[in-house]
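Notes for the one structure printed next.
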Amino acid sequence: MTTAGTEPAVLDARRAAIRAAPAGSVAIVDETALLERSAVAAHVGEALRAGRTAWRALPGDVALLASAGAGAAAGAGDDEAAVRRLVASWAGEDAATVAQRARAVLRDDLGAALRPPVWSLVAEHRRAGHRVVVTGHAPRPVLEALAEDLGVDELVATEVEVRDGVLTGEVDGPVLLGPRGEAKAAAVVALGARPAFVMAGPCSEALLAAGDGPLVVTSGSAATCGGHPVLPVPPRSGALPGPLDVGRTAAFYGALLGAASTAAAVGLARRSRRQMVDLTCSVTGDLGLALAGIDVEVRGAEHLWSSRPCVFVFNHQSKVDVALLMKLLRGGFTGVAKAEAASIPLWGAMFKLAGVAFVDRGNTRQAREALEPAVRKLRDEGWSLAIAPEGTRSPTPRLGRFKKGAFHIALQAGVPMVPIVIHDAGEVMWRGHQTLRAGTVHVDVLPPIDTSGWSTATLDEHVADVREQFVRTLEGGP
Numbered sequence: 001m002t003t004a005g006t007e008p009a010v011l012d013a014r015r016a017a018i019r020a021a022p023a024g025s026v027a028i029v030d031e032t033a034l035l036e037r038s039a040v041a042a043h044v045g046e047a048l049r050a051g052r053t054a055w056r057a058l059p060g061d062v063a064l065l066a067s068a069g070a071g072a073a074a075g076a077g078d079d080e081a082a083v084r085r086l087v088a089s090w091a092g093e094d095a096a097t098v099a100q101r102a103r104a105v106l107r108d109d110l111g112a113a114l115r116p117p118v119w120s121l122v123a124e125h126r127r128a129g130h131r132v133v134v135t136g137h138a139p140r141p142v143l144e145a146l147a148e149d150l151g152v153d154e155l156v157a158t159e160v161e162v163r164d165g166v167l168t169g170e171v172d173g174p175v176l177l178g179p180r181g182e183a184k185a186a187a188v189v190a191l192g193a194r195p196a197f198v199m200a201g202p203c204s205e206a207l208l209a210a211g212d213g214p215l216v217v218t219s220g221s222a223a224t225c226g227g228h229p230v231l232p233v234p235p236r237s238g239a240l241p242g243p244l245d246v247g248r249t250a251a252f253y254g255a256l257l258g259a260a261s262t263a264a265a266v267g268l269a270r271r272s273r274r275q276m277v278d279l280t281c282s283v284t285g286d287l288g289l290a291l292a293g294i295d296v297e298v299r300g301a302e303h304l305w306s307s308r309p310c311v312f313v314f315n316h317q318s319k320v321d322v323a324l325l326m327k328l329l330r331g332g333f334t335g336v337a338k339a340e341a342a343s344i345p346l347w348g349a350m351f352k353l354a355g356v357a358f359v360d361r362g363n364t365r366q367a368r369e370a371l372e373p374a375v376r377k378l379r380d381e382g383w384s385l386a387i388a389p390e391g392t393r394s395p396t397p398r399l400g401r402f403k404k405g406a407f408h409i410a411l412q413a414g415v416p417m418v419p420i421v422i423h424d425a426g427e428v429m430w431r432g433h434q435t436l437r438a439g440t441v442h443v444d445v446l447p448p449i450d451t452s453g454w455s456t457a458t459l460d461e462h463v464a465d466v467r468e469q470f471v472r473t474l475e476g477g478p
């Protein structure tokens, strides 16, 4: 999907250039292009909320957060002092602890600041066999989790000093920050081969000049920037939602409540909870998404019906995934969700009504017991089951690791597995957001997978095979 406001011609031209470049070409992607707001500020904010900010650092950190507020470009308020204060705050901590915290910040905050068109261009580079290098002025621990999710070949960032696995609180070498990207440019030159592509934010003239194929990524409208092509990507995080988005969201939830009320009356009249749930699903999926301005384009729709009862597995990025499944599956299914989902306002009550199995991910025995009714519904009552094998929403567009629960259920019940690959759901409602945006979600329903030859001994192979189908389909694009 092309993000609203993004220049399709610029994206198409860039993709064509990437595909035409030989394998092994070097592509530089700077954090100012990849993120729409400051990674340093995200970590400073997390430390402030957690009460780890030193008193002497408080004035500077508060000023940094103020300058990195809504509408600010990525890293606009960062300076060398801010980077050094952040690194100093890690003094005496294990490197593993800081890395774990960075992944949590990516999951809870920075993931929503990723620019999807830039992410898609990075994926295009990887498919073309290019050497992708992420550059950034943020400290390495801040950007490492993001670089891992991107699957890039190399990360050039501000290095931190580590002794025996413990951070000293000192920067190791220069802070890669300058008014024109000079420090990053010098680091790129030191890599050896001249880059064939460079993507960076405004005020990165030196970095853009360090390679060929420059592209300036901005949050504003398209404009010339040193004569370089410009890719405008409107922000999706930080700023308050617009009145249209609020209206669409209200209309969606109004449709959900209306459908549930009508379905409750029908279900009570016919004494059928199943009819009540199925009617709620079909009306919410159709009317709710339509009122929200969300279109759904499906390839392989015939596979949604050809092998029921079955286990449907889907990739999970957004709260809107539930509504998408309602539209796709219509009825005759239930689900499995983490225990915390039972307390989500409105949705939790709907899940309970639909007979969703709530699983405590930290309690293996409880999880198995909770899944037994789901297996019985599949095997004895003809219900299908929808499960996200990642277990939770992904912090980035990258597919997470698959858990085995769905595969054990399909094996025990002796039913097929049908993969549902969802593209672009994060574009209409990203993790952590509460409002819907208009757009088109593309869905690929893959052919049913016969599980009759599966066994517990070969289950790991089947998990890997199914995940690889998702990866290939997602990388192929909508």
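According to the UniProt record's numbering, the sequence shown is numbered sequentially starting from 1.
The beta carbon of each residue, even a glycine, is placed where N, CA and C say it ideally should be.
Taking the Cα positions, residue 165 is about 6 Å away from residue 95.
Shown here for residue 293: same chain residues with a beta carbon closer than 6 Å to its own, the five before and five after excluded, namely 248, 438 in chain order. Here residue 197 has 27, 213 as same chain residues with Cβ atoms under 6 Å from its own Cβ, once five neighbours each way along the sequence are excluded. Taking C-beta atoms as the reference points, residue 231 and residue 217 count as a pair closer than 8 Å. Residue state for residue 199 is assigned as strand, using DSSP reduced to three classes. For residue 356, the three-state secondary structure derived from DSSP is coil. Residue 234 and residue 35 have their alpha carbons spaced roughly 12 Å apart. Sequence-distant Cβ neighbours of residue 443 in its own chain, meaning closer than 8 Å and more than five residues away, are 296, 297, 298, 299, 324, 328, 420, 421, 422, 423. Three or more pairs of CB atoms, one per stretch, sit closer than 8 Å, so the region 390-403 contacts the region 140-156. Counting C-beta pairs with one atom in each stretch, the region 110-130 and the region 9-28 have three or more that are closer than 8 Å, which means they touch. By the Cβ rule, the region 177-193 does not count as touching the region 110-118, because fewer than three pairs are nearer than 8 Å.
Positions of the alpha helix (DSSP H) runs, each at least 4 residues long and wholly inside the region 61-139, are given as 80-88, 95-108, 116-127 in order along the chain.
Membership of residue 57 in any beta strand (DSSP E) is not indicated, and neither H nor E is assigned to it by DSSP. From the listed residues 40, 392, 425, 466, the smallest Cα separation to residue 416 is found for 466. Residue state for residue 390 is assigned as coil, using DSSP reduced to three classes. Under the three-state reduction of DSSP output, residue 423 falls in the strand class.
Cβ-Cβ separation between residue 386 and residue 333: approximately 6 Å, consistent with a contact (criterion under 8 Å). For residue 244, no pairing in a beta bridge is given by DSSP. Judged by beta-carbon spacing, residue 331 lies within the 8 Å limit of residue 277, meaning their Cβ atoms are closer than that value. Contact holds between the region 400-413 and the region 373-392, because three or more Cβ pairs, one in each stretch, are under 8 Å apart. DSSP places residue 327 within a helical segment (H, G or I) once states are collapsed to three.
Distance from the CA of residue 430 to the CA of residue 392, rounded to the nearest whole angstrom, comes to 13 Å. Under the three-state reduction of DSSP, residue 299 is assigned to strand.
Put simply, the backbone Cα of residue 139 is about 17 Å away from that of residue 57. Shortest Cα-Cα distance from residue 124 to any of 97, 14, 291 involves 14.
The shortest C-alpha to C-alpha distance from residue 227 to any of 219, 204, 244 is the one to 204.
The three-state secondary structure of residue 175, taken from DSSP, is coil.
8 Å or more divides the Cβ of residue 281 from the Cβ of residue 418.
Between residue 39 and residue 142, the CB-CB gap stays under 8 Å.
Distance from the CA atom of residue 105 to the CA atom of residue 134, rounded to whole angstroms, is 18 Å. The beta carbon of residue 291 sits closer than 8 Å to the beta carbons of 248, 251, 252, 254, 255 from its chain, once the five residues preceding and following it are set aside; these are given in chain order.
Shown here for residue 99: same chain residues with a beta carbon closer than 8 Å to its own, the five before and five after excluded, namely 141, 144, 145 in chain order. The beta-bridge partner set that DSSP reports for residue 417 consists of 311, 449. Within the same chain, Cβ atoms closer than 6 Å to the Cβ of residue 454 are found at 411, 462, the five residues on either side in sequence being excluded. Here residue 84 has 171, 175 as same chain residues with Cβ atoms under 8 Å from its own Cβ, once five neighbours each way along the sequence are excluded. One Cα belongs to residue 79, the other to residue 283, and the distance between them is close to 52 Å.
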